[in-house]
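In what follows, a structure is listed as structure tokens, so that the remarks can point back to it.
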Amino acid sequence: MWGKIVYTSYNERRIIMDKYVCVPCGYVYDPAEGDPDNGITPGTPFEQLPDDWVCPVCGATKDLFEKEN
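Just so we're aligned, residue 23 is where the sequence shown starts under this note's numbering, counting upward by one.
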């Protein structure tokens, strides 16, 4: 699972996906927004980003991102 299940009302639930922060520059990858400028559609969890995806701000690789608390 790539996030938390949150119940918003009676019998309705949503999955809140984890956001990741680029350590070098502070860019936040939000799965709800994706990275459309680089071909990543909204709803794409960080774990499913291509291995060659890089931070759109500073070019850092995925291994330089940390899960946002």
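Each residue gets a CB set at the ideal place from its N, CA and C atoms; glycine is no exception.
Buried/exposed call for residue i, threshold 16 Cβ in 10 Å
| i | result |
| --- | --- |
| C77 | buried |
| P53 | buried |
| I62 | buried |
| M23 | The pLDDT assigned to M23 is 47, lower than 50, so where the model puts this residue is not dependable, and the model offers no usable value. |
| V79 | exposed |
Nearest-angstrom beta carbon gap, residue j and residue i [assumed within contact, 8 Å]
| i | j | result |
| --- | --- | --- |
| V45 | E88 | 6 Å |
| D40 | F68 | 7 Å |
Residue nearest to residue i in terms of C-alpha spacing, selected from the options
| i | options | result |
| --- | --- | --- |
| G56 | G65, G48, Y49 | G65 |
| L71 | V79, Y42, C47 | Y42 |
| A82 | I38, P58, Y51 | Y51 |
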